[in-house]
Amino acid sequence: MSTPIHLFLYCVLILLASLVGGWIPIWVRLTHRRMQLALSFVAGFMLGVGLLHLPMHALEYTESSPRVFGWMVVGILVMFFLERFFCFHHHDAPDSHQQGESGPNQQGHADPVHDHALTWSGAAVGLTLHSVLAGVALAASVQSEQGAVWPGLAVFLVIFFHKPFDSMSLLTLMSAGGRTGSVRHLVNGLFALAIPIGVIIFFLGVPVASGGTWGIGEALAFAAGLFVCIALSDLLPELHFHQHDRVKLSVALLAGLALAFAVSQLDSHEHEHEHHEEPARHSTDDHGHDH
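Everything in the sequence shown is counted per this note's numbering, starting at 31 for the first residue and increasing by one.
Okay, structure coming up:
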């Protein structure tokens, strides 16, 4: 398949994941424990992709370690300041604060929604900006891995796994704010389009159709920083504020890291296969010219 077809397929699947994420609280009774286990797995996968996968691809395009790590720092800071000023990156079961399920370790902690005077509109702005940046990362990753069976697979899986949590957070805040179901579904549908918008922005800014590669390495390094910051913002609050299910949550984290490592290894094997095929192709061409 060509790059546009891969991107179209990825965007459709991510859009569906985003829509389903907003509907999950309607279909399934979520608990704090289930949410944190899923988040630990996804955060582990995201952390692995941000540290093991994306920087290596970024180096292929920039050939400068300081430049790659500089853009990683920029990605971390952008995500940090988005979180600081919009306070949107809060994932929890919609009714966990009323259930008291998490035990005494959660007593005395007020609802983060009230702590930050968080409104759904502020969360929507922050989550949309974060999703647009993720769309840029997806396009850069697919473009950088042309020739692979599934180019950009690692970044796609990160977004696909994490997107439902973002939609769930947004619609939970809207529900708490008294918004009607029709308004919530409309906003969820519009929010799902943020990833495709990010993909379009990348291709408008990088003239890849003419063979240009400007900005791809920087975009990949930026995405690595973005993913590392998101992963840690999901993991660290659980580490500091709760002591329950420590073994289960740790196993989920390690499982996510293991999956990221496996995807990274699969991608590196594909690259090695391409490099072995390239000299053989040139040798065949030269042999044909000799005759």
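For glycine and all other residues, C-beta sits at the position ideal for the given N, C-alpha and C. Only a predicted model underlies this, so the values are computations on that prediction, with no experimental measurement involved.
Pair within 8 Å by beta-carbon distance, residue i and residue j
i, j, result
"G74", "L283", "yes"
"G207", "V72", "no"
"G177", "V229", "no"
"A253", "A184", "no"
"I44", "F190", "yes"
"V172", "M76", "no"
"L200", "F221", "yes"
"S70", "K193", "no"
"A88", "L250", "yes"
"G78", "F232", "no"
"G105", "L256", "yes"
"V217", "A153", "no"
"E248", "T92", "yes"
Buried versus exposed call for residue i [16 or more other C-beta atoms within 10 Å across all chains shown]
i, result
"Y40", "buried"
"R64", "exposed"
"P96", "exposed"
"H83", "buried"
"V236", "buried"
"S197", "buried"
"P142", "With a pLDDT of 47 at P142, under the threshold of 50, the predicted position of this residue should be treated as unreliable, and no value is reported."
"W57", "exposed"
"I246", "buried"
"L234", "exposed"
"R59", "exposed"
"H317", "In this predicted model, H317 has a pLDDT of only 47, less than 50, meaning its place in the structure is not dependable enough to derive any value."
Candidates the options: closest to residue i by CA position
i, options, result
"G100", "F111, L112, P85 and F110", "P85"
"S263", "H36, A47, G247 and E113", "E113"
"V293", "I231, W53, S70 and P181", "P181"
"S161", "H274, V42, A224 and R59", "A224"
"T210", "A261, I106, L250 and W150", "W150"
"E268", "Q66, L296 and S205", "Q66"
"F38", "K278, F186 and T158", "F186"
"E90", "R276, M109, K278 and S174", "S174"
First and last residue of the uninterrupted alpha helix (DSSP H) at residue i
i, result
"W150", "W150 to S174"
"W101", "S95 to F116"
"P226", "A224 to G235"
"D196", "L183 to A206"
"S48", "T33 to W57"
Contact with chain C by residue i, beta-carbon distance below 8 Å
i, result
"H36", "Judged by its chain identifiers, the structure shown contains no chain C, having just a single protein chain."
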